[in-house]
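Trainee:
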Amino acid sequence: MRRVAMAAGLAALLAIGGVVTLDRLDAAYPPPLDPAPLSVEVLDRDGALLRAYAASDGRWRLPADIDTLDPQFLKMLVAYEDKRFWSHPGVDMRALGRAALQLLRNGRIVSGGSTLSMQLARLTEPRAARSFSAKFRQIARALQIERRLSKREILERYLTLAPYGGNLEGVRAASLAWFGKEPHKLGLEEAALLVALPQSPEARRPDRHPQAAKAARDRVLARMAGAGVIIESEVARASDAKLAGRRLPMPAHAAHLADAVVQAEPDERVHRLTISRRAQAGLEEVAARAARGLGPRVSVAMVLADAQTGAVLARVGSAGYFNAARAGWIDMSVAERSPGSTLKPFIYGLAFEEGLVMQETMIEDRPGNFSGYRPRNFDMAYQGDVSVRTALQMSLNVPTIRLLDAVGPVRLVARMRRAGVPPALPPGETPGLAIGLGGAGLTLEGLVQLYGGLANRGRVRPLHYLDDAEIAAHPPSVLTPQATWQVADILSGVAPPKDAPRLGIAYKTGTSYGYRDAWSVGYDGRHVLGVWAGRPDGGAVPGLTGYLAAAPILFEAFSRSGVGLVPFPPAPAGAIRLAASDLPFPMRRFSVSGGGFRAGAPVEPAPEIVFPPQGARIDVGLARGARVMPLALKINGGRAPFRWLANGEPLPDAYRRRRASWVPDGGGASTLTVIDAAGRSASVDVFLE
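Under the numbering used here, the first residue of the sequence shown carries the number 1010, and numbering increases by one thereafter.
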């Protein structure tokens, strides 16, 4: 009798539904349509999900967007759950009438007749148990919902709140957890399972009840074939497909960085980063595999950036965020460690900039004493006299300290600070020569920013991760374009590590004292990638070196990053590699030590070009089509003889007087450089018309 009463009441409701107005009901009992708490999302530069966080109630709940869902899934869902969804007012009278008749004939509920609008009402206002009063309330709420929301909004809300097993709600969370993909990439068999799951989400969980899940999926497929939504041949193929047997973890790419940006802006639900998910995923895989080969407690960190904009394309803080054995929760990309030999290119760059050396200048690699500081080479051997190019490529320590002694460690630190990368020094301590071999603290992130200047003609872009970060119009300079070209020309000639492909990148390695940190930083004409390997607790790893451990990771990571390698830019005016025989006499051997000149050195001031002045526009007859007139060159100071270079090419003669002349071979921007007998130099940039 109770079932008969329910059926009669349902029929009465159908009659009343067309008469009763909802205005008064709406005013007195508005439907609870406040949005449920949603998962926080961290997105990459293209909007792809990097990492998600559970909502405040502990559920994975990601908003659904119809435009990004698989069209076949939507078609199947509507056909299976509510085929007149797009036309009914929230209640499908035909479906309810059919349900009432089936109840009367069979004495049990055969079909419920619920529309998607009614199911949304149940999800937003959960019922304690199935009852006639609960169904009545759903109907009323569905009619209210239809008055307030569009069909699209109703469908999107349903697909955001529908249960899919455990703490999964919404089709996006379900698709990521069961299939590891966004719902616009669903296969037919996957879409069918997601249509079936919300009806009995716990009883049909594919990880716990695979047979029930497969049976429900196959029923959806068969019914869709009968309705003509899909073809029979596709049903057979999809029914044979293997079922997802386990629940996958939610995406956690760039986990350390995601944590940082979420903590910095806790009220934001969506965070958009400059990270490329493809590059991030590739580098994370490389880091995890490399760490397994280096030891059980070794971690790996990497930072990949666009040197022209400062945008970080990938940042790997450890070899596995959830790997406790490697202390994976520690973000080693921002940990201060000794950078080893990785600062050497900047020391050589300053020496090039100051005109102290050229690439084929000979320099001593022999034991030296610098006011009590006695550096030794890594292998404890010495090469004797070597070229500056060879010294940097072999990462020889003693020649590096000779150059740093000449340019001054304070100047190196000043350039680093100008670039926004100040090294960590003991409180109150003045920078000393040891900084050239790693005697300071630096982060991998800072090192990549610094090397970005080498890849960007000397201009350093501060690294940034947020998609809306402002980019400065005039970034600071760490070296001149000519000096950075010289450094890149040398480092691009370093042989790749064993079994690594030759990628056409410039790179430098470094190893800290005691084998605690292995570094490798490389760059092309636009991108810079830094690698660190070591133990997060600072423990030594015997045999861990930059060349053997970090460099192979660098080359593999560049290959797996997905960024196209960009050629180095052409040499700027004034930058050229001269053969040893073509060097000006003062440049053939480095002769500066201890921050001053050796015995017998001149007391004259350094040379200064007084004509042409810096930035001058000079008429040499090109605009009139006349014969090009010689350009007078004048200097003050310096010690004769003087060697002049025009756009990097030495003039034929050495001059003992402080006057010279030069006949240009064309117009436009030119760089003039003079070098005196002590190796000191001065340069000006002019424009010839």
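For glycine and all other residues, C-beta sits at the position ideal for the given N, C-alpha and C.
All values derive from a computational prediction rather than experimental measurement.
1. Thinking just about the alpha-carbon of each residue, which of Gln-1458, Phe-1564, Leu-1453 and Arg-1136 is nearest to the one in Lys-1507?
2. Can you tell me whether Asp-1674 is helix, strand or coil according to DSSP?
3. If you measure between the beta carbons of Ala-1225 and Ala-1205, is that distance less than 7 Å?
4. Leaving out five residues on either side along the sequence, give the residues of the same chain with a beta carbon under 7 Å from the beta carbon of Phe-1331.
5. Could you check the C-alpha separation between Ser-1692 and Glu-1363 for me, to the nearest Å?
6. Where Arg-1033 and Glu-1162 are concerned, what is the direct C-alpha to C-alpha distance, given to the nearest angstrom?
7. Over the uninterrupted alpha helix (DSSP H) stretch that includes Arg-1652, give me the two end residues.
8. Which residue's Cα is closest to the Cα of Ala-1263: Glu-1274, Leu-1257, Ala-1253 and His-1280?
9. Suppose contacts are defined by Cβ-Cβ distances below 7 Å. Is Leu-1405 in contact with Leu-1442 by that definition?
10. Run through DSSP, which three-state label would Pro-1098 get?
11. Distance check for Ala-1045 and Ala-1221, CA to CA, integer angstroms please.
12. Buried or exposed: which applies to Ser-1342, given that a residue is buried once 16 or more other Cβ atoms fall within 10 Å of its Cβ?
13. Does the pairing of the stretch 1463–1476 with the stretch 1544–1552 give three or more beta-carbon distances under 8 Å?
14. Whose C-alpha, out of Asp-1477, Leu-1475, Ser-1486 and Gly-1437, is nearest the C-alpha of Gly-958?
15. Hey, Ala-1182 and Trp-1069 are a contact pair by Cβ (cut 8 Å); roughly how many whole angstroms apart?
16. Roughly how many angstroms separate the alpha carbons of Ala-1655 and Ser-1679, rounded to a whole number?
17. Starting from the Cα of Leu-1197, find the closest Cα among Leu-1078, Ser-1159 and Pro-1260 and give me that residue.
18. Less than 7 Å between C-beta atoms, sequence neighbours within five positions excluded: which residues of the same chain meet that for Leu-1125?
19. Quick one: measure Cβ to Cβ for Thr-1351 and Leu-1421, integer angstroms, because I've assumed they're closer than 8 Å.
20. List, from N- to C-terminal side, the beta strand (DSSP E) runs of 3 residues or more that fit wholly inside the stretch 1384–1419.
21. Measuring CA to CA, which of Met-1638, Ile-1644 and Gly-1630 is closest to Pro-1622?
22. Just the Cα atoms here: how many angstroms apart are Val-1407 and Ala-1061?
23. Give me the Cβ distance between Gly-1450 and Ala-1423, rounded to the nearest whole Å; I'm assuming they're in contact under 8 Å.
24. Ends of the beta strand (DSSP E) at Val-1530?
25. Going by DSSP, name the residue or residues bridged to Ala-1310.
26. Check whether the Cβ atoms of Ala-1288 and Ala-1323 sit closer than 7 Å, and answer yes or no.
27. Are three or more beta carbon pairs between the stretch 1372–1383 and the stretch 1471–1480 nearer than 8 Å?
28. Since I believe Arg-1335 is in contact with Gly-1329 (beta carbons under 8 Å), could you give me their beta-carbon distance rounded to a whole number of angstroms?
29. Could you give the residue range of the beta strand (DSSP E) that holds Ser-1692?
30. For Glu-1178, which residues does DSSP report across the bridge?
31. Express the C-alpha separation of Phe-1651 and Thr-1493 in angstroms, rounding to a whole number.
32. With a CB to CB cut of under 7 Å and the five nearest residues on each side skipped, what residues in its chain are close to Val-1637?
33. Compare the Cα-Cα distances from Gln-1368 to each of Arg-1398, Leu-1681 and Asp-1394 and report the closest residue.
34. Between the C-alpha atoms of Arg-1214 and Asp-1526, what's the straight-line distance to the nearest angstrom?
35. DSSP state of Tyr-1556, grouped into three classes?
36. Have a look at the DSSP bridge pairing and note the partners of Val-1343.
Mentor: Judging by the given coordinates:
1. Phe-1564
2. coil
3. Yes, the pair counts as a contact, with Cβ atoms nearer than the cut-off.
4. Cβ neighbours of Phe-1331 within its own chain (closer than 7 Å, five residues either side excluded): Gly-1337.
5. 10 Å
6. 24 Å
7. Arg-1652: not part of any alpha helix (DSSP H); member of the beta strand (DSSP E) spanning 1651–1655, first to last residue.
8. His-1280
9. Going by C-beta atoms, Leu-1405 is not nearer than 7 Å to Leu-1442.
10. coil
11. 30 Å
12. buried
13. Segment contact: the stretch 1463–1476 against the stretch 1544–1552, fewer than three CB-CB distances shorter than 8 Å; contact not assigned.
14. Examination of residue 958 is not possible in this model, given that the chain is present from 1010 through 1698 alone.
15. 4 Å
16. For the pair Ala-1655 and Ser-1679, the Cα-to-Cα distance works out to about 7 Å.
17. Leu-1078
18. Glu-1090, Asp-1091, Phe-1094, Ile-1163, Leu-1164 and Tyr-1167
19. Between Leu-1421 and Thr-1351 the Cβ distance is about 13 Å, and since that is not below 8 Å, they are no contact.
20. 1393–1396
21. Ile-1644
22. 50 Å
23. At roughly 17 Å, the Cβ-Cβ gap does not stay under 8 Å, so Gly-1450 and Ala-1423 are not in contact.
24. 1526–1532
25. Trp-1541
26. yes
27. no
28. Arg-1335 and Gly-1329 do touch by the CB rule: their CB atoms are close to 6 Å apart, below 8 Å.
29. 1690–1697
30. Arg-1070 and Pro-1172
31. Between the alpha carbons of Thr-1493 and Phe-1651 lies a distance of about 25 Å.
32. Val-1629, Gly-1630, Leu-1631, Val-1672 and Pro-1673
33. Arg-1398
34. 47 Å
35. helix
36. Answer is none; Val-1343 lacks a bridge partner.
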